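Residue numbers (the working numbering): 284 to 713.
Even glycine gets a Cβ: it sits at the ideal position worked out from N, Cα and C.
Source: prediction; values computed, not measured.
In what follows, a single structure is set out as structure tokens and then discussed.
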Amino acid sequence: MTMTYSFENTAGFADAADKADPLAQYRSRFLIPQHEGKDCIYFTGNSLGLQPRSAKGYIEEELKKWHELGVDGHFHAARRPWYHYHKYSKESLARIVGAAQSEVVAMNNLTSNLHLMMVSFYRPSATRFKIIVEANAFPSDRFALASQVKFHGHDPESAIVTLKPREGEYTLRTEDIISTIEAQGEELALVMMGGVQYYTGQFFNLKAITEAAHCAGAFAGFDLAHAVGNVPLQLHDDGVDFAVWCSYKYLNSGPGGVSGIFVHEKHGQDDDIPRFAGWWGHDEQERFQMKAGFRPMPGADGWQVSNGNVLSAAAHLAALELFDEVGMTELRKKSLQLTAYLEYLLRSIGAPASDLEIITPSSPEERGCQLSLFVNRDGQRIFENISKAGVVADWREPNAIRVAPVPLYNSFKDVYIFVKIIKDSLSLQS
């Protein structure tokens, strides 16, 4: 989706853009932290999304059931009995990630789900055992991959192939990812990457990567923590084998909120695929008959292990209700404009790359709403300055500030004020 925008570096333009924004009303549906009696500029939805005002009511409803019904809340609640709670988010999640409802389920937490997925999709042999991942993948993913490799008796140093940008570049080229996949050939078992790279904000070409992995005879899986609710996804049509995500970033479902998985239907209908089993993945028609012998539920549901955390899932439903109202098409439309405005204003500062550098791709198709800024001179002090001015952003060593103007609750005025603050902070350091 390539768009051409006409921006102005004025407060009046930002105010006018907010008045014309059809999603501006959704800002009031969230609780925004305060700074000196005013809304802070909250640009860390890529780390923890804001609380929907409706979340409290959703959680209190479940607390009331617990109070009034006790264990009978599992089956006899008038609305949303707990036994089927994992089903209530399926329709929303399927739309957000581009899947059939049978291919998605909310369960567990992200890294737990990654381990469960690798039981099924990383089955190395003596000759096909390698995993490809971006060099700067999120540490939890790297820990999980290395531990799985060692569990199967291989050496992470030789089994894990890391993708590094070219000299002098910060992001990966799709052709380099594909050529690396091709070079590993028959030794490759799995390509396991982020959907949006957490540090640089680069949105990878999931379809091209998946196709290359399949051509090499390998599986393709993705950690969508920074992609879900942020960028358009078509997991089913792209042929992705599996994906995992958290719900507490762009999905605004609360700290440590319930995670989710996608398993392509070509695998979800295979009862013989290896997996770690638990009773919530067992055939629900006979689950409480307490019989021996695991019979998996069809689709992604068959990878469930335990019954879900209802209170966390309730907050998840409150957040997903907002996504149902807006839709990813409209969210993406605003996101493209808002992030382009941020880039325009940052470049208008005129700071040399030796002071401030945007390392996220300029191409809208290769990024979500996050821009990662390298502050190459006294970055920690500049970050402290903007924090004192009421900006909630994210510092990553050694010199990166990650900012994410989220279309559901951030405004064009937020962006304008932020850039003014960072410009003044840069001047203070000159």
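Membership of residue 475 in the beta strand (DSSP E) is indicated by the continuous run 471-477. Under the 8 Å Cβ criterion, the region 597-610 does not count as touching the region 618-630, having fewer than three qualifying pairs. Judged by their CB atoms, residue 668 and residue 638 are not nearer to each other than the 8 Å cut-off. The residues 594, 597, 598, in chain order, have a CB closer than 7 Å to that of residue 342 in the same chain once the five nearest residues on each side in sequence are set aside.
Annotated three-state conformation of residue 694 is coil, per DSSP.
Rounded to the nearest whole angstrom, the C-alpha separation of residue 305 and residue 539 is 31 Å. By the 16-neighbour rule on beta-carbons within 10 angstroms, residue 611 is buried.
Separation of the CB atoms of residue 512 and residue 534 is rounded to 4 Å, and the pair is thereby assigned contact status at 8 Å.
Taking residue 377 as reference, the option from 569, 445, 458, 520 with the minimal CA-CA separation is 520.
Residue pairing by DSSP places residue 678 opposite 684 in a beta bridge. Segment contact: the region 481-488 against the region 639-658, three or more CB-CB distances shorter than 8 Å; contact assigned.
For residue 446, the enclosing beta strand (DSSP E) stretches over residues 443-446. Note that the C-beta distance between residue 491 and residue 505 is not below 8 Å. Of the residues assessed, residue 576 falls on the exposed side of the cut-off, its CB having fewer than 16 other CB atoms within 10 angstroms. Scanning 508, 475, 507 for the CA closest to the CA of residue 496 turns up 475. In the structure shown, residue 622 falls within a helical segment according to DSSP collapsed to helix, strand and coil.
The alpha carbon of residue 608 has as its nearest neighbour, out of 289, 291, 309, the alpha carbon of 309. In the three-state reduction of the DSSP assignment, residue 531 falls in the coil class, being assigned neither a helical nor a strand state.
When C-beta atoms of the region 691-709 are compared with those of the region 319-337, three or more pairs fall below 8 Å, so the two segments count as touching. When 689, 562, 380, 682 are compared, the shortest CA-CA separation from residue 315 is found for 689.
In this structure, residue 397 lies near residue 427, with their beta-carbon atoms less than 8 Å apart. Distance from residue 442 to residue 432 at the Cβ level is roughly 5 Å; contact confirmed, criterion being Cβ atoms closer than 8 Å. No residue range can be given for residue 689, since it is assigned to no beta strand (DSSP E) and is classified by DSSP as neither H nor E. Taking 8 Å as the upper bound for CB-CB distance, residue 507 and residue 478 are in contact here, some 4 Å apart. For residue 632, no beta strand (DSSP E) encloses it, and the DSSP letter there is neither H nor E.
With contacts defined as CB atoms closer than 8 Å, residue 471 and residue 460 fail to qualify as a contacting pair. Its Cα nearest to that of residue 389, the residue 368 stands out among 368, 648, 409.
Below 8 Å, too few C-beta pairs join the region 349-368 and the region 538-552 to call them touching: fewer than three.
Closest by C-alpha distance to residue 550, out of 585, 670, 569, 531, is 585. Only residues of its own chain outside the window of five on either side were considered, and among them 309, 312, 335, 691 have a CB closer than 7 Å to the CB of residue 605, listed in chain order. Approximately 38 Å separates the beta-carbon atoms of residue 402 and residue 657; this is outside 8 Å, ruling out the contact. In this structure, residue 532 lies away from residue 632, with their beta-carbon atoms at least 8 Å apart.
If you look at residue 504, you'll find it isn't in any alpha helix (DSSP H); it sits in the beta strand (DSSP E) that goes 502-506.
Judged by their CB atoms, residue 324 and residue 673 are nearer to each other than the 8 Å cut-off. Counting the other Cβ atoms within 10 Å of the Cβ of residue 404 gives 16 or more, which makes it buried.
When secondary structure is reduced to three states using DSSP, residue 299 falls in the helix class.
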